[in-house]
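Counting with this note's numbering, you get residues 19 to 259 for the letters of the sequence shown. C-beta: ideal position from N, C-alpha, C; glycine also. Owing to the predicted nature of the structure, the values given are computational and were not obtained by experimental measurement.
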Amino acid sequence: MEIFAHRGYSAKYPENTLAAFKAAAKLPIAGVELDVHLTKDQQVVVIHDEKINRTSNGKGFVKDLTLQELRKFDFGSWFSDEFRGEKIPTLAEVLEEFKYKDHKINIELKSNIFVYAGLEELVLQEVEKFGLKDRVIISSFDHEAIKRMAELDPDIEIAPLFSHSIFNIVPYCSTIPADALHVSYYAVMRRPVLEAIQAGMPVRVYTINKTEQAEILQNLGVDGFFTDHPEEMMKFLYKRN
Ligand code: G3P
Ligand code: MG
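Structure, rendered in C-alpha cells:
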C-alpha cells in the first residue's frame with residue numbers, strides 16, 4: 019500500500035512549505051500531496067486554505083495578493099519558532115525538490131471555492147517544464163477542473179476527490195474520465211467505493227493518521243493513503259508485511 023505525505027511531512031514541519039517537502043523527499047515513500055491556489059498576479063502557489071490567516075502571520079485571500087506580497091509573510095512560525103521565515107512556495111519550487119527523486123506528486127487543485135481561471139493550463143505548463151508528467155497525479159473536489167485537465171492532456175493521471183461516496187461512482191468517474199479515486203476514510207467504507215476497488219480502480223484515502231485505520235485500508239485492498247505521519251506509517255506497514 020502506497021504512502022503519500024499529506025501537505026509534505028506536515029506532522030513535523032509546517033504544512034505545504036519547502037521544509038515539509040524536503041523532509042518528505044528524503045523518505046522512501048511512494049509520494050507527496052500538495053494543494054495549489056492562484057495569486058492575484060496568476061502565480062501558482064502551494065497552500066491549503068483560500069486565506070493565509072491560519073498558516074502565516076498575514077491576513078487575506080491568496081487570490082487578492084500578488085506573489086511578491088505573499089512572500090513578505092512568514093509561513094513557518096505559526097507551527098514552531100524553529101521554522102520562522104519559511105515562505106509560501108510556488109508550485110515550481112516544490113516540483114524542483116522532486117525533480118531528481120522518484121516520488122509521485124499529487125497536485126490538488128483548490129478551485130472548489132473560488133474559480134481560478136487558467137489554473138489547469140498553468141499547472142500543466144509547470145509539470146511539463148520539469149518533465150514530471152508521468153509522476154504527477156492531478157486531483158480536485160472541483161470535478162470540472164480535472165475534466166478540463168483531462169481534456170488538455172489525456173495522458174496525465176486524474177483523480178476526483180470525494181468527501182462522501184456517491185451512487186454509481188464508477189460510471190460517474192468514467193465521464194471525467196478518471197484514472198483513480200481519492201476519497202475520505204468515511205467514503206471508502208461505503209458500497210460504491212468498495213465496488214470501485216473490486217472493479218480494479220486505484221483508490222487512495224485521506225487523511226490517515228492512525229495505524230488501526232491503515233490496517234483496515236490494507237485489508238480492503240486500498241492502493242494508497244495520505245498521511246501527516248509518513249515515517250510512523252512506513253514503519254508500521256513494514257512490520258505488518
Ligand atoms: O488530497 C487529499 C486531501 O488533501 C484532501 O483534503 O482538505 O487535506 O486538501 P485536504
Ligand atoms: Mg489536499
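Would you grab the beta carbon distance between residue i and residue j for me? Rounded to a whole angstrom, and I think it's under 8 Å.
{"i": "V54", "j": "E68", "result": "About 12 Å separates the two Cβ atoms, so there is no contact after all."}
{"i": "L150", "j": "I123", "result": "6 Å"}
{"i": "A48", "j": "F22", "result": "6 Å"}
{"i": "A163", "j": "S129", "result": "5 Å"}
{"i": "L74", "j": "F93", "result": "According to the sequence as given, residue 74 is Ser; it is not Leu. The pair is a contact, with the Cβ atoms about 5 Å apart (cut-off 8 Å)."}
Could you tell me the alpha carbon to alpha carbon distance between residue i and residue j, rounded to whole angstroms?
{"i": "Y31", "j": "E126", "result": "19 Å"}
{"i": "R166", "j": "P107", "result": "25 Å"}
{"i": "G239", "j": "L212", "result": "9 Å"}
{"i": "R72", "j": "E33", "result": "11 Å"}
{"i": "L179", "j": "G242", "result": "14 Å"}
{"i": "K253", "j": "K58", "result": "42 Å"}
{"i": "E249", "j": "L45", "result": "8 Å"}
{"i": "Y190", "j": "D99", "result": "46 Å"}
{"i": "L170", "j": "Q60", "result": "19 Å"}
{"i": "K228", "j": "R208", "result": "19 Å"}
{"i": "E175", "j": "Q236", "result": "22 Å"}
{"i": "S95", "j": "I215", "result": "41 Å"}
{"i": "V154", "j": "F116", "result": "11 Å"}
Going by other Cβ atoms of all chains shown within 10 Å of its Cβ, with 16 needed for buried, is residue i buried or exposed?
{"i": "H182", "result": "exposed"}
{"i": "V206", "result": "buried"}
{"i": "V141", "result": "buried"}
{"i": "E104", "result": "buried"}
{"i": "E144", "result": "buried"}
{"i": "D160", "result": "buried"}
{"i": "T245", "result": "buried"}
{"i": "F185", "result": "exposed"}
{"i": "T193", "result": "exposed"}
{"i": "A135", "result": "exposed"}
{"i": "V133", "result": "exposed"}
{"i": "Y118", "result": "exposed"}
{"i": "R222", "result": "buried"}
{"i": "R258", "result": "exposed"}
{"i": "Y256", "result": "exposed"}
Within 7 Å: the Cβ of residue i and any heavy atom of the ligand G3P?
{"i": "Y203", "result": "no"}
{"i": "T73", "result": "no"}
{"i": "Y134", "result": "no"}
{"i": "H200", "result": "yes"}
{"i": "H66", "result": "yes"}
{"i": "T225", "result": "yes"}
{"i": "E20", "result": "no"}
Can you tell me where the beta strand (DSSP E) holding residue i begins and where it ends?
{"i": "P210", "result": "P210 -> not in any beta strand (DSSP E); alpha helix (DSSP H) instead, spanning R209 to Q216."}
{"i": "R222", "result": "V221 to Y224"}
{"i": "H177", "result": "Per the sequence shown, the amino acid found at residue 177 is Ala instead of His. That run of the beta strand (DSSP E) goes E175 to F180."}
{"i": "H200", "result": "L199 to S202"}
{"i": "I125", "result": "K122 to L127"}
{"i": "I21", "result": "E20 to H24"}
{"i": "E33", "result": "Segment: none, E33 is in no beta strand (DSSP E) and carries neither H nor E."}
Taking 7 Å as the cut-off, is the CB of residue i close to at least one heavy atom of the ligand MG?
{"i": "E126", "result": "yes"}
Assuming residue i is part of the alpha helix (DSSP H), what are its boundary residues?
{"i": "I187", "result": "I187 to S192"}
{"i": "T73", "result": "Counting along the chain, T73 falls outside any alpha helix (DSSP H), and DSSP gives it neither H nor E."}
{"i": "I234", "result": "T229 to L238"}
{"i": "L109", "result": "L109 to F116"}
{"i": "L52", "result": "Segment G49 to L56 is the beta strand (DSSP E) holding L52; no alpha helix (DSSP H) there."}
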